[in-house]
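Chains as they are written, first to last, in the numbering used here: chain A, 3 to 418; chain B, 6 to 253.
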Amino acid sequence: MEAELVYIGLAALFGIFMAWGIGANDVANAMATSVGSKALTIKQAILVAAVFEFLGAVLAGGEVTSTIRKGIVDADLLSDSPELLIYGMLASLLAAGTWLFIASKNGWPVSTTHSIVGAIVGFAAVGIGIDAVQWGQVGTIVISWVVSPLTAGFIAYLIYRSVQRLILRQDDPLAKAKRYVPVYIFFAAFTITLVTILKGLQHVGLTISLRDSYILATAIAVGIALIGAFAIRRIQPDKKAEKHQHFYTVERVFGILMVVTACGMAFAHGSNDVANAIGPVAAVVSVAQNGVITAKAALPIWVLMLGGIGIVIGLATYGRHVIATVGKKITQLTPSRGFAAELAAATTIVIASGTGIPISTTHTLVGAVLGVGMARGIEAIDLRVVARILVSWVVTIPAGAFLAVVFFFIFKTILP
Amino acid sequence: MTGSFPKALWYDGTTNQGRIGRTKMTNVLANIFGSSPVQPLERHIEIAFRCAKQLRAFFAAAVEGNWDQAVVVRNEIEKLEHEADDLKKNIRLRLPKSLFMPVPREDLLELLLVQDKIANRTKDVSGIVLGRKMQIPPAIAEQFLEFVDRNIDAAKQARKSVRELDELFTSGFRGAEVDLVSALIEELDQIETDTDDKQAALRAALFAIEDTLNPVNAVFMYQVIELTGEIADMAERVGRRLELLLSH
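Structure, rendered in structure tokens:
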């Protein structure tokens, strides 16, 4: 059993390192908009991120974790030599972690998801054989990487358009904001709660019927909307600030909404990205414990919690500075714009997480921001940066794959 | 976003590229936003207006023949004109073609150009008056100061209109905000028409007394009136440029 402990220990170490990296860097994307628009203070943002990233990882991260764990590599081919899967998953974790480290050192906008999927496909195709990769599933994932930013962009466009029409272009935008923002809060809360209940809770051992799920989600969303409406009623117009900026108080109303969408975004991020770090860990743990590859083995809850804890440590050690820095740079994303982008991205991500598709949260958010831009909502978007994102998208997959292959053969040689 | 002008946000002499280079751990979301030209444009018209506003004190000193005071005011005008010029260059540098904006980049650059001319004309006219230590004929002094004031009013109205830029961007150039800006521009047009009337009356008054003046001085006086009037013309053109933005 010595070797198994080494495997599990290494996997946990690499997994928590990756989760730490995600907490340190990636979470900023989910939270910085709220800080930048002053809807939340840094401390509140850290708290919201810690709680909802953790909840997202534990409650809704299960599907994506199992895709990463057993959806990409065809485990049947490995039943004679299960240790190969362990080497491969360890190699993938290390490869993705290394690539992310190199990329963030150089300022390349790469995605955790793309690195880990590239790494797993790489070790499986080269280390084991082309047939070991479930190409159908991989194809679905790659298509989703194109579809998810587009979907988020389209939703964001529609949401921001509706905000313009219902509120910003009206004669009395403040009254309109106070009327409609609780409705947006309801939709934000409803979508995220529903997907969590439908897709997430079974992983923590709860099953609720479809009808009850809808009722429960509606009840929770109404509750949150009521709390929001109460907070909104307390906002008084600031006549002095409005002399400079007519939308000053209106934006503060949207700030309340943004608190809700920020929670949703953190939750969505936790559900998708933590799973990337934790999926390979889950694979290693299940093989090491059982000695065989069992497709049916339940996902140990402590593995998900490991990811959640890693993210929170990342947030506390390094993430807060990144959030503060990014928050200062994205002042263009005012609450009315930011919520549209966040809500669209969070919805897209949570639905993808529910179906077990690992997508890139950052790229989805970028797609959503572009969607708001298409609705003439953003003052200036630098298309060169968007182009760089596309390039890094293409480079990351072979890079992750290459590193994973190298690490795979090293592990195969040195590990017992 | 508040209406105050956060200086550090933009007008700090750095370029966006520099920022990307310096921070090693770059963030996609932070960099995807280009430098928004909106706050800087609002800041620029603020400076241009403050520059034009100095003409009141400048001509008051000139009418009294207090040239020491005129020099002080003129220095302030030069300083503000420089500031506007620097900001103009800065804005241009940060509006690369790769920016995706709700309105054409060219229209914003044109707006910037006419805003800047308000400060330029102020500098030109104060330069001529100070350089020649021009005595404003006492007979038309009061009327002339009124004319100057009205031109400053036009610059002020231009500032008020440009200050609506961020609200226009927020509402996507549609709806109630557009009506508000249209009304502001209409008022700006009325002020400009008023300066035209005053300018005509002033020229007539100057014509009536020009035989009593040194001919060279008389010619320059006409030119000073002409240049001062161009401040309101430029303010009106700011309005025209804004109107073009509204039609997108």
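Note that the Cβ used here is the ideal one computed from N, Cα and C, for glycine as well.
Could you please give me the residues that DSSP links to residue i through a beta bridge?
| i | result |
| --- | --- |
| residue 38(B) | 383(A) |
| residue 105(B) | 383(A) |
| residue 75(A) | 135(A) |
Rounded to the nearest angstrom, how far is the Cβ of residue i from that of residue j, given a contact under 8 Å?
| i | j | result |
| --- | --- | --- |
| residue 301(A) | residue 17(A) | The pair is not a contact, with the Cβ atoms about 13 Å apart (cut-off 8 Å). |
| residue 391(A) | residue 111(A) | 5 Å |
| residue 36(A) | residue 264(A) | 4 Å |
| residue 240(B) | residue 171(A) | Not a contact, Cβ separation roughly 27 Å. |
| residue 122(A) | residue 94(A) | 5 Å |
| residue 53(B) | residue 210(B) | Residue 53(B) to residue 210(B), Cβ: 29 Å. No contact. |
| residue 232(B) | residue 153(B) | No, residue 232(B) and residue 153(B) are not in contact; Cβ-Cβ is about 11 Å, not under 8 Å. |
| residue 244(B) | residue 201(B) | Contact doesn't hold; Cβ gap of about 14 Å is too wide. |
Leaving aside the five residues before and after residue i along the sequence, list all residues of the same chain whose C-beta is less than 8 Å from its C-beta, in chain order.
| i | result |
| --- | --- |
| residue 97(B) | 114, 117 |
| residue 20(B) | Residue confidence for residue 20(B) is low, a pLDDT of 38 falling below 50, so the modelled location carries little weight; the figure read from the coordinates is stated next. Correct list, in chain order: 98, 99. |
| residue 308(A) | 14, 17, 18, 21, 280, 283 |
| residue 102(B) | 110 |
| residue 47(B) | 10, 167, 168, 170, 171 |
| residue 136(A) | 73, 74, 75, 76 |
| residue 26(B) | Residue placement at residue 26(B) is flagged as unreliable, the pLDDT there being 37, under the threshold of 50; the coordinate-derived value follows with that caveat. Closer than 8 Å at the Cβ level, and outside the excluded window around residue 26(B), lies no residue. |
| residue 199(B) | 155 |
| residue 86(A) | 80, 129, 130, 414 |
Could you check which residue in the options has the C-alpha nearest to that of residue i?
| i | options | result |
| --- | --- | --- |
| residue 334(A) | 398(A), 371(A), 43(A), 358(A) | 371(A) |
| residue 39(B) | 411(A), 375(A), 392(A) | 375(A) |
| residue 43(B) | 380(A), 187(A), 258(A) | 380(A) |
| residue 164(B) | 186(B), 222(B), 33(B), 152(B) | 186(B) |
| residue 44(A) | 30(A), 174(A), 54(A), 57(A) | 30(A) |
| residue 58(B) | 155(B), 193(B), 205(B) | 155(B) |
| residue 1(A) | 238(A), 288(A), 383(A) | Given a span of 3 to 418 for chain A in the structure shown, any question on residue 1(A) remains unanswerable. |
| residue 77(B) | 132(B), 35(B), 90(B) | 132(B) |
| residue 250(A) | 128(B), 176(B), 214(B), 228(B) | 176(B) |
| residue 9(A) | 53(A), 55(A), 91(A) | 91(A) |
| residue 54(A) | 285(A), 326(A), 261(A), 404(A) | 261(A) |
| residue 145(A) | 247(A), 354(A), 338(A) | 354(A) |
| residue 218(B) | 238(B), 145(B), 183(B) | 145(B) |
| residue 108(B) | 230(B), 184(B), 41(B), 193(B) | 41(B) |
| residue 235(B) | 203(B), 213(B), 184(B) | 203(B) |
| residue 142(A) | 277(A), 357(A), 416(A), 393(A) | 357(A) |
| residue 126(B) | 228(B), 244(B), 252(B) | 228(B) |
| residue 322(A) | 275(A), 50(A), 288(A) | 50(A) |
| residue 305(A) | 350(A), 60(A), 231(A), 173(A) | 60(A) |
| residue 46(A) | 365(A), 177(A), 326(A) | 326(A) |
| residue 228(A) | 212(A), 246(A), 186(A) | 186(A) |
| residue 92(B) | 69(B), 45(B), 106(B) | 45(B) |
| residue 247(A) | 197(B), 141(B), 191(B), 173(B) | 173(B) |
| residue 364(A) | 114(A), 291(A), 107(A), 225(A) | 114(A) |
Using a Cβ-Cβ cut-off of 7 Å (strictly less than) and excluding sequence neighbours within five positions of residue i, which residues of its own chain qualify?
| i | result |
| --- | --- |
| residue 219(A) | 192, 195, 196, 199 |
| residue 223(A) | 188, 191, 192, 195 |
| residue 336(A) | 39, 253 |
| residue 75(B) | 63, 66, 67, 135 |
| residue 112(B) | 246, 249, 250 |
| residue 117(A) | 98, 101, 102, 398, 402 |
| residue 30(B) | Low confidence applies here, because residue 30(B) scores a pLDDT of 46, under 50, leaving its location unreliable; read the following figure in that light. Excluding positions up to five away in sequence, the list is empty. |
| residue 234(A) | 180, 183, 184, 255, 258 |
| residue 225(B) | 133, 137, 139 |
| residue 161(A) | 342, 345, 346 |
| residue 410(A) | 89, 90, 93, 125, 129 |
| residue 89(B) | 49, 52, 53, 56, 121, 124 |
Looking only at its own chain, which residues have a Cβ that is under 6 Å from the Cβ of residue i, when we skip the five neighbours before and after it?
| i | result |
| --- | --- |
| residue 73(A) | 139 |
| residue 159(A) | 373, 376, 377 |
| residue 32(A) | 267, 268, 271 |
| residue 316(A) | 22, 25, 26 |
| residue 215(A) | 199, 200 |
| residue 66(A) | 274, 277, 355, 358, 360 |
Does the ligand SAM have a heavy atom nearer than 7 Å to the CB of residue i?
| i | result |
| --- | --- |
| residue 185(A) | You won't find the ligand SAM in this model; it holds no ligand whatsoever. |
Does the CB of residue i have a neighbour CB from chain E at under 8 Å?
| i | result |
| --- | --- |
| residue 150(A) | Protein chains A and B are contained in the structure displayed, whereas chain E is not. |
Next on the checklist: Going residue by residue through the stretch 204-255 of chain A, where are the continuous alpha helix (DSSP H) segments of at least 4 residues, counting only ones entirely within it?
Outcome noted: 212-235, 241-246
Next on the checklist: To test your reading of the DSSP string, which unbroken alpha helix (DSSP H) runs of 4 or more residues are found completely within the stretch 139-201 of chain B?
Outcome noted: 143-167, 170-175
Item to check | Complete runs of the alpha helix (DSSP H) confined to the stretch 329-369 of chain A [at least 4 residues] | outcome: 337-356
Item to check | Every unbroken alpha helix (DSSP H) inside the stretch 98-138 of chain A [4 residues or more] | outcome: 114-124
Item to check | Those runs of the alpha helix (DSSP H) which lie wholly inside the stretch 138-207 of chain A and span at least 4 residues | outcome: 175-197
Item to check | Runs of alpha helix (DSSP H) lying entirely within the stretch 22-64 of chain A, each at least 4 residues, in chain order | outcome: 29-38, 44-62
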